[in-house]
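A quick write-up on the structure given underneath.
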DNA sequence: GCATTAACCACAG
DNA sequence: CTGTGGTTAATGC
C-alpha cells in the first residue's frame, strides 16, 4: 500500500483533495519503478490509469509515418499522459523512462470522480493541461518556422531551464532522439552541435553539456 | 545562374 | 552512437 501522506511530492491538485478523497487515492495508487529505457505506457494500448511521474525524466513519443516523433520531455513531478487517459480509451502516444524513474498509477475512474466532486482539484488539473498546451503551441510555431540552428538553440535552452534549471547538465537524449524531438535528422543535430561548440556557445563531451554563451544562444533561438 | 539550407547515404571511429 | 564528406533537392536572391 502506498504512503501518499508521507510523500513529499504532492502536486497542487492532490494537495486540494479532501482528506477522505486523499485516503481513497492512497489506497488505490500503485508506485512502479522503471529503469532507463523502460516503457511506461504504450501507444495503442488500453489506458486504465492516470500516470504521475514521481521521480525521474520521461519522454512522450508517438509513431510517425517515417520515424518516431518525440513530443515532449517531462521532468518530475508531473502527470504524464492526461490527454491520452481522458482523450480516448486507447493511448495516442507512448511514455518511456529516459533515466531511472518512478511512476504512480491511479485508477482513472477514481481520478474522474475527484474531478467531478472537487472543483479545486479539477481546476488545478486544468491549469496543468493549459500550461502544457501553451508550451506545445510555442513548439509548433517554432518547429514550423525556425531553421534548425534556431530549433537546436531553443531546445538546449529549454532543457537547461525547464528540465534541469542549470547551465550544465547531462543531456538525456541521444543525438538521434534530439533530431526526433526538434524534427530534423541526427546528422543536422551533430553538425550544429559541433558548430555551436566550435563557436564557444556550448561545450559538450559525450552527454555532458554546458552552456557557455547563453546570450548568443538566445539570439540564435529567437532569430530562428 | 549561384548560394544556402538541410536531407539522405555511406563509411569510419 | 557520433562525426563527416559527398550528393541532391528546394528555395531565394
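In this note's numbering, the protein residues as written are 18 to 241.
Quick reminder that beta carbons are idealized off the backbone N, C-alpha and C, glycines included.
The model shown is predicted, which means the values in this text are computed figures rather than measured ones.
To the nearest angstrom, how far is the alpha carbon of residue 230 from that of residue 217? 7 Å
Taking contact to mean at least 3 C-beta pairs separated by less than 8 Å, is the segment 119–130 in contact with the segment 65–73? yes
Residue 168 and residue 160 closer than 8 Å at C-beta: yes
Within 7 Å: the Cβ of residue 80 and any heavy atom of the ligand GTP? In the structure shown, the ligand GTP is absent, as is every other ligand, since no ligand is present at all.
Keeping to the same chain, check which residues put their C-beta closer than 7 Å to that of residue 53; ignore five residues upstream and five downstream. 114, 115, 116, 117
What are the uninterrupted segments assigned as alpha helix (DSSP H) that are 4 or more residues long and contained completely in the segment 160–219, given in chain order? 165–175, 192–199, 203–215
Give the C-beta separation of residue 88 and residue 67 to the nearest angstrom, bearing in mind that I take them to be a contact with Cβ-Cβ under 8 Å. Contact flag wrong, Cβ pair sits at about 18 Å.
Is the Cβ-Cβ distance between residue 134 and residue 59 less than 8 Å? no
The alpha helix (DSSP H) that contains residue 41, what's its start and end? 36–44
Which word fits residue 9, buried or exposed, when buried means at least 16 other C-beta atoms lie within 10 angstroms of its C-beta? The structure shown does not extend to residue 9, since the chain is modelled only from 18 through 241, so no value can be given for it.
Kindly indicate which residue of 238, 147, 129 has the alpha-carbon position closest to the one of residue 175. 238
If you reduce the DSSP assignment to three classes, tell me which class residue 229 lands in. coil
Excluding the five sequence neighbours on either side, which residues of its own chain have a C-beta within less than 6 Å of the C-beta of residue 200, listed in chain order? 160
Figure out for me which residue from 106, 92, 86, 236 has the closest Cα to the Cα of residue 65. 106
Starting from residue 56, follow the beta strand (DSSP E) in both directions and report where the run begins and ends. 56–58
Proximity winner among 226, 33, 158, relative to residue 241 (alpha-carbon distances): 158
Return the chain-ordered list of same chain residues with a C-beta closer than 6 Å to the C-beta of residue 50, the five sequence neighbours on each side being excluded. 119
Between residue 193 and residue 203, is the Cβ-Cβ spacing less than 8 Å? yes
What residue does the alpha helix (DSSP H) around residue 125 start on, and which one ends it? 125–134
Can you tell me whether DSSP reads residue 224 as helix, strand or coil? coil
Cα separation between residue 235 and residue 172? 10 Å
Where do the ends of the beta strand (DSSP E) carrying residue 68 lie? 66–72
If you check the beta carbons only, do residue 39 and residue 79 fall under 8 Å apart? no
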